[in-house]
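Per the working numbering, the sequence shown starts with residue 6, numbered consecutively.
Where is the CB? At the ideal position from N, CA and C, for every residue including glycine.
Take a look at the structure below.
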Amino acid sequence: MPRTRPRAALVTLALAAVLAGSAACTGKGSGSAGDLPAGDVLLKESATAMRGLQTVLFAIEADGTVGGIALRRASGTLTKEGNAKGNAQIEQGGATVQLDFVVVGDSIYLKGPTGGYQKLPLAVASSVYDPSAILDPDRGVPKLLDTATEARTEGREKVNGTDCYRVAAKLDGAALSTVVPGATDTTPGQLWLAADSKRLLKARVGVPGDGGKTTTVTVTFSEFDKPADIGAPS
6 MPRTRPRAAL
16 VTLALAAVLA
26 GSAACTGKGS
36 GSAGDLPAGD
46 VLLKESATAM
56 RGLQTVLFAI
66 EADGTVGGIA
76 LRRASGTLTK
86 EGNAKGNAQI
96 EQGGATVQLD
106 FVVVGDSIYL
116 KGPTGGYQKL
126 PLAVASSVYD
136 PSAILDPDRG
146 VPKLLDTATE
156 ARTEGREKVN
166 GTDCYRVAAK
176 LDGAALSTVV
186 PGATDTTPGQ
196 LWLAADSKRL
206 LKARVGVPGD
216 GGKTTTVTVT
226 FSEFDKPADI
236 GAPS
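Here it is, written out as structure tokens:
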């Protein structure tokens, strides 16, 4: 298997961390600034809510290259321990290729369009992504929310039927880099937080793509703390 494949799968997983997918967003926002909670308060509450999660289902979509990979979409389940299971669709040589992945402990299992799973050390791609960072209370999404600045609540919308606050903020480059490969600078983004639980349901951010273009990455999270039994494929 080409060495680029484990990197592609791990890049996909990294983006899922905060870095999803095509959740429906309805309405243009409602409520004046004076009627909405302060953005910085909402982000602190969201960081607390996300810090206690054990599992999450993610979906992701990108409109260009991310970390050198032409990612189109991906989805899967992620645990706080860093285990993950799902699939990603990337573009290679003008064709769309699906990769199935399973991360368990210090190993990653990859399956391409043909053949079975191939086991590789997770350390092979440790420079690209550490999957345990996404739900890690001190590194991943919680830290990203805690370190965001200039937060401003823009309005109320619905994400997949759930009432949310849409918050614009500047995302710290160091915190973002643990979730989005290739992110180095402070980057503006939008975050959709559930009005009741304050959990992060959706995030949108622009990251550097090929040819100086910006790739928009949108991530959604759902099925919080749903039991997940992720083991090595047979």
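Rounded distance between the beta-carbons of residue j and residue i, thought under 8 Å
i: I113; j: V102; result: Actually they do not touch by this definition, with Cβ atoms about 17 Å apart.
i: I65; j: A79; result: 5 Å
i: A180; j: K148; result: 5 Å
i: V109; j: N88; result: 5 Å
i: V146; j: R157; result: So it is not a contact: roughly 20 Å between Cβ atoms.
i: Q59; j: D190; result: About 32 Å separates the two Cβ atoms, so there is no contact after all.
i: L140; j: V61; result: 7 Å
i: G178; j: T192; result: 7 Å
Residue environment, residue i, which counts as buried when at least 16 other CB atoms sit within 10 Å
i: W197; result: buried
i: K207; result: buried
i: K124; result: exposed
i: A43; result: exposed
i: T240; result: Missing from the structure shown is residue 240; the chain here goes from 6 to 239 and no further.
i: G81; result: buried
Cut-off 7 Å between Cβ atoms - residues of its own chain near residue i, not counting five sequence neighbours on either side
i: D68; result: T220, T221
i: P142; result: R56
i: A54; result: S202, K203, R204
Contacting residues, own chain, Cβ-Cβ under 8 Å from residue i (five flanking each side not counted)
i: Q97; result: A75
i: L47; result: A156, T158, Y170, V172, L198, K203
i: A128; result: D111
Option nearest residue i by Cα separation, candidates the options
i: A199; options: G214, L140, K175, T225; result: T225
i: D45; options: L176, G217, S239; result: L176
i: G216; options: T70, R77, D40, D168; result: T70
Cutoff 6 Å; reference residue i; Cβ partners in own chain excluding five residues on either side
i: I235; result: N88, K90
i: A153; result: L48, A174, L176
Counting only runs that start and end within the region 73-127, where is the beta strand (DSSP E) found for 3 or more residues in a row? 76-84, 89-97, 100-109, 112-116, 123-126
Only counting runs of 3 or more residues, tell me where the beta strand (DSSP E) segments fall wholly within the region 148-236, in order along the chain. 154-164, 167-176, 192-199, 205-213, 219-227
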